[in-house]
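Notes for the one structure printed next.
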Amino acid sequence: MNKSSLRAFAFGVFFSVSLIGSYYSYSEKKQTAAKPTTNEAENLLKEKGYTILTETEYEQLQTQIKQAKESNEKDKQPNKSPVKKTSDSVSYDLYIVKGMTITQIAEQLANKKIIDNEKDFEHYLIKNNYHTKVQIGTFTLTNNMNYKKIASHYKISI
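Quick note: the sequence shown, position 117, residue 153 per this note's numbering, numbers continuous.
As structure tokens, this is what we get:
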């Protein structure tokens with residue numbers, strides 16, 4: 037290979053790389069989308085089902101949540117699962133079907149006088165992670181049982 041053929045080959049390589057590079061840089065600029073405006077971004081988020089809050093609104097919601105949690109803590113009593121000591125024992129067959137929620141179960145038990153407070157029972161189930169599992173079936177319960185016995189002994193894991 038002589039000098040002139042080597043120079044021609046080098047020039048060909050240089051020319052090819054220049055063409056590929058210019059095509060790449062030109063096509064990349066066309067594919068890059070412009071940044072959306074604030075209004076366009078808000079509209080897109082609203083279409084996707086998101087709610088947009090200002091920083092002040094967000095802080096107010098956080099404060100309200102904190103106050104609600106504090107009021108729930110004040111409402112709670114020290115012993116959430118007292119043993120009921122009554123001379124009249126009430127028995128109830130609880131039938132749990134697929135898809136039942138802890139709210140529905142607590143309502144049934146409160147209506148049949150097995151538990152005193154359905155909200156306390158729901159909080160107990162959530163606090164102790166019984167709400168994560170549901171067992172379908174029939175369970176015989178009495179009003180002499182505490183929350184722990186109702187939830188764990190009879191495997192009523194919601």
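Glycine is no exception: its CB is placed at the ideal position from the N, C-alpha and C atoms.
First through last residue of the beta strand (DSSP E) which encompasses Ile172:
That residue, Ile172, is in no beta strand (DSSP E); it is neither H nor E in DSSP.
Rounded to a whole number of angstroms, what is the C-alpha to C-alpha distance between Lys163 and Tyr131?
So the two alpha carbons sit approximately 23 Å from each other.
If you compare alpha carbons, which of Thr137, Tyr160, Asn147, Thr87 is closest to Asn108?
Tyr160
Exposed or buried, which one is Asp124 when buried takes at least 16 other CB atoms within 10 Å?
exposed
Sub-9 Å separation of Thr176 and Ser127 beta-carbons
yes
Limits of the unbroken alpha helix (DSSP H) element including Tyr160
In the DSSP assignment, Tyr160 falls within the alpha helix (DSSP H) that extends over 154-163.
If we ignore side chains and look at the alpha-carbon of each, how far apart do Phe50 and Gly57 end up?
10 Å
Starting from Ile132, follow its DSSP beta bridges and name the residues at the other end.
Gly173
Count the other CB atoms within 10 Å of the CB of Tyr86; is the residue buried (16 or more) or exposed (fewer)?
exposed
C-alpha distance - Leu81 paired with Met136, whole-angstrom precision:
34 Å
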